[in-house]
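With our numbering, letter number 287 in the sequence shown gets 309, and the count goes up by one each step, no holes.
Quick reminder that beta carbons are idealized off the backbone N, C-alpha and C, glycines included.
To keep things clear, I will list the structure first and then write my remarks on it.
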Amino acid sequence: MSTFSVGSVVGSIGGVARAASNVADDILGLVGGSDGSWQRSLKPASYGGINFGVISSTTSGIGRKVVVHEYPERDEVWVEDLGKKSRRFSVTGFLVENDVVYNSGPVIAQRDALVAVLDTRFDQVKPGLQLVHPTFGNIPNVCCINCEILEHADHGGYFELRFDFIISGARKYPASSTSTAGAVADGAKKVREASALDYIRDVAAAVKQGAAIVKQAIRVAVAFYTKVLTLINDVRRVFRAISNLGGNFGSLFGGANAGYSARNASAPQGATAASLLAADTASRTAVANAGAALTAAAANPADGASLSSAAIAVAQSLAATASDPADGVRLLSSMAQYVPADPTTDSQVGVAMAQVQSAMGALFRRAALAQLAEVTSSYQPSSSEDALAVRGSVAGLIADEMQVAGDAGDDDSYLALMELRAAVIADLTSRGAQLSAMQEFRFRAPLNSLALAYRVYRDAGRATELVQQAQPVHPAFMPMDFKALGE
23 MSTFSVGSVV
33 GSIGGVARAA
43 SNVADDILGL
53 VGGSDGSWQR
63 SLKPASYGGI
73 NFGVISSTTS
83 GIGRKVVVHE
93 YPERDEVWVE
103 DLGKKSRRFS
113 VTGFLVENDV
123 VYNSGPVIAQ
133 RDALVAVLDT
143 RFDQVKPGLQ
153 LVHPTFGNIP
163 NVCCINCEIL
173 EHADHGGYFE
183 LRFDFIISGA
193 RKYPASSTST
203 AGAVADGAKK
213 VREASALDYI
223 RDVAAAVKQG
233 AAIVKQAIRV
243 AVAFYTKVLT
253 LINDVRRVFR
263 AISNLGGNFG
273 SLFGGANAGY
283 SARNASAPQG
293 ATAASLLAAD
303 TASRTAVANA
313 GAALTAAAAN
323 PADGASLSSA
333 AIAVAQSLAA
343 TASDPADGVR
353 LLSSMAQYVP
363 ADPTTDSQVG
373 VAMAQVQSAM
383 GALFRRAALA
393 QLAEVTSSYQ
403 PSSSEDALAV
413 RGSVAGLIAD
423 EMQVAGDAGD
433 DDSYLALMEL
443 RAAVIADLTS
453 RGAQLSAMQE
463 FRFRAPLNSL
473 ALAYRVYRDA
483 GRATELVQQA
493 QPVHPAFMPM
503 DFKALGE
């Protein structure tokens, strides 16, 4: 008998057997009997769309991956759970010539189709194909790690298959993210470099006009430093010098705002108001030294590198006098709006003086803007509204300077400022999106901050935060209406 005939007979016998089984099930159903649900729940097996019969199947990898930790002098062990085991299936199956159950064709064609599926390169995102298991059903992302095909001369059109399957997960990489603070620092560096280059180009011709240009440059530098002195002598800044003092005394000033990183850095343990004021005096002395260096550099306006470095040092020393980033944002925002306004004439020397004055003003403002952007990267917004407000303020100042740079033809500074503005917006947007919004609270009677913190947040430890946001006359008598974080 030919191989084709043998396959046909086997297929016919299989079909008759299944038909007989179905008739038996129907009869049992009519008389109220049942042979169980196992046979009725079986599904036609396939892998990657290629059907095959199943003789047996072994499932392994059931349970959890664990590591048993044993310790000396301890009777018990600690079992560490490392996740689920990898599910594996060892399946023994077969292919039959012209099987009527799954409508197969020639057995060699079935084998070739199966081999082609097994040789297919997996997708880079979801490795594996769909396996239809007789009892588990559809299982996606299954990889065949080994397959054996047995051919017997005495079996004719019958191939025995041995599969080793494993369920694979989607390929995952560590999540990458851009450091927004790093982008701000890079943008600030580019603004400083571009500002120095544009300044040198803008004053190259004007500095040749002699002593009048030098005097004008010194006047601009002195005016800028005078504005800085006004800021560091501000009473509000002096009060904030002790706002990060530990305990209730420092918390009353409200300088250390709670936010994305919980709160700003506190003063070292053991610090006193006197020691903090002494440190503030030292930082003010550093500003004075930086101002003297700026005035000295202005005596040679043609040396753009030295003048730029001196302006950067003034901005950095001013930022160092701030007790917290919130105060630094306030001080540097004022410096970023500096515009020298000494009157000049229409003469050739007067035009050169105006040119130097404008170029130095732009150099000083951009140094302040670069430092302001770096300060905002360490500023902790107290709420999402606070983040949006600071973002709008700083981005607006940078946009104003971009317009000045564009009108003056300072293309390098314009592009650097545009990059810095985008970095600041991305940084504050990213951090502010994770903060709670402000919400109005109303109570029928004044309560102390501890009671309010427990009623609002179920956490009395957040009383200081409420005091900073509500700004009461005294923490024991909080206002009945105020705004605070909703969560």
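Residue i in three-state terms, based on DSSP
i: proline 497; result: coil
i: phenylalanine 386; result: helix
i: lysine 106; result: strand
i: phenylalanine 74; result: coil
i: tyrosine 20; result: Since the first residue of the chain shown is 23 and the last is 509, residue 20 is not available in this structure.
i: serine 217; result: helix
i: arginine 143; result: coil
i: glutamate 173; result: strand
i: lysine 87; result: strand
i: valine 378; result: helix
i: tyrosine 180; result: strand
i: leucine 469; result: coil
i: proline 323; result: coil
i: arginine 223; result: helix
i: aspartate 422; result: helix
i: arginine 480; result: coil
i: threonine 398; result: helix
i: glutamine 456; result: coil
i: tyrosine 247; result: helix
i: alanine 210; result: helix
Neighbourhood of residue i by C-beta, 7 Å cutoff - its chain only, sequence neighbours within 5 removed
i: glycine 127; result: Asn120
i: valine 373; result: none
i: alanine 492; result: Met500, Pro501, Phe504, Ala506
i: glycine 51; result: Note that glycine 51 has pLDDT 47, beneath the 50 cutoff, so the model's placement of it is unreliable and no number is given.
i: alanine 409; result: Pro403, Leu450, Arg453, Gly454, Leu457
i: valine 244; result: Thr317
i: arginine 306; result: Ile254, Thr343
i: asparagine 160; result: Gln152, Val154
i: alanine 335; result: Ala312, Ala315
Sheet register partners of residue i (DSSP bridge)
i: histidine 155; result: Gly159
i: glutamine 461; result: Ala506
i: arginine 241; result: Note: arginine 241 sits in no beta bridge, so no partner.
i: serine 79; result: Val113
i: aspartate 186; result: Ser112, Asn168
i: tryptophan 100; result: His91
i: serine 68; result: Asn73, Val154
i: valine 416; result: Paired residues: none, contrary to the question.
i: valine 118; result: Tyr180
Option in the options with minimal Cα separation from residue i
i: histidine 155; options: Thr142, Leu251, Gln132, Gly71; result: Gly71
i: serine 82; options: Phe144, Glu98, Ala314, Asp186; result: Asp186
i: arginine 110; options: Glu102, Ile84, Asp103; result: Ile84
i: tyrosine 124; options: Cys165, Gln238, Gly75, Asp134; result: Gly75
i: serine 471; options: Gln456, Met502, Arg453; result: Met502
i: glutamate 182; options: Val118, Arg214, Val236; result: Val118
i: aspartate 208; options: Ala444, Ser452, Ala227, Gly454; result: Ala444
i: serine 539; options: Gly414, Gly232, Ala239, Val129; result: The requested residue 539 does not occur in the structure, where the chain is confined to residues 23 to 509.
i: alanine 321; options: Lys237, Arg388, Gln377, Asp481; result: Lys237
i: alanine 135; options: Thr248, Pro149, Thr157, Ile171; result: Ile171
i: tyrosine 401; options: Val446, Arg133, Pro365, Ala310; result: Val446
i: glycine 115; options: Pro94, Ile77, Ser356; result: Ile77
i: valine 137; options: Asn73, Ile188, Gln461; result: Asn73
i: threonine 202; options: Val478, Val397, Glu95, Asp422; result: Val397
Inter-residue CB distance, residue i and residue j (contact presumed, cutoff 8 Å)
i: tyrosine 221; j: glycine 326; result: 5 Å
i: tyrosine 69; j: cysteine 166; result: 7 Å
i: serine 90; j: valine 99; result: It should be pointed out that residue 90 corresponds to valine in this sequence rather than to serine. About 5 Å separates the two Cβ atoms, so the contact holds.
i: isoleucine 254; j: leucine 340; result: 7 Å
i: alanine 390; j: leucine 354; result: 5 Å
i: alanine 448; j: alanine 210; result: Not a contact, Cβ separation roughly 14 Å.
i: valine 416; j: alanine 392; result: The pair is not a contact, with the Cβ atoms about 12 Å apart (cut-off 8 Å).
Close Cβ partners of residue i (< 6 Å) along its chain, the five nearest in sequence each way excluded
i: valine 242; result: Pro362, Gln379, Met382
i: valine 489; result: Ser471, Pro497
i: alanine 485; result: Ser471, Leu472, Ala475
i: alanine 315; result: Ala332
i: valine 229; result: Ile235, Pro323, Ala324
i: glycine 55; result: Here the model assigns glycine 55 a pLDDT of 45, short of 50, so the residue's position is not dependable, and the following value carries that caveat. Within the same chain, glycine 55 has no close Cβ partners at all.
i: alanine 216; result: Asp434, Ser435, Ala438
i: cysteine 169; result: Leu140, Phe185
i: methionine 512; result: The structure shown has nothing for residue 512, since the chain only spans 23 to 509.
i: alanine 227; result: none
Close beta carbons around residue i, own chain, < 8 Å, minus the five adjacent residues each side
i: proline 468; result: Phe499, Met500, Pro501, Met502
i: methionine 424; result: Tyr436, Leu439, Met440, Arg443
i: glycine 105; result: Arg86, Lys87
i: glutamine 250; result: Sequence inspection shows valine at residue 250; the glutamine mentioned does not correspond to that position. Excluding sequence neighbours, valine 250 sits near Val309, Gly313, Val336, Leu340, Met357.
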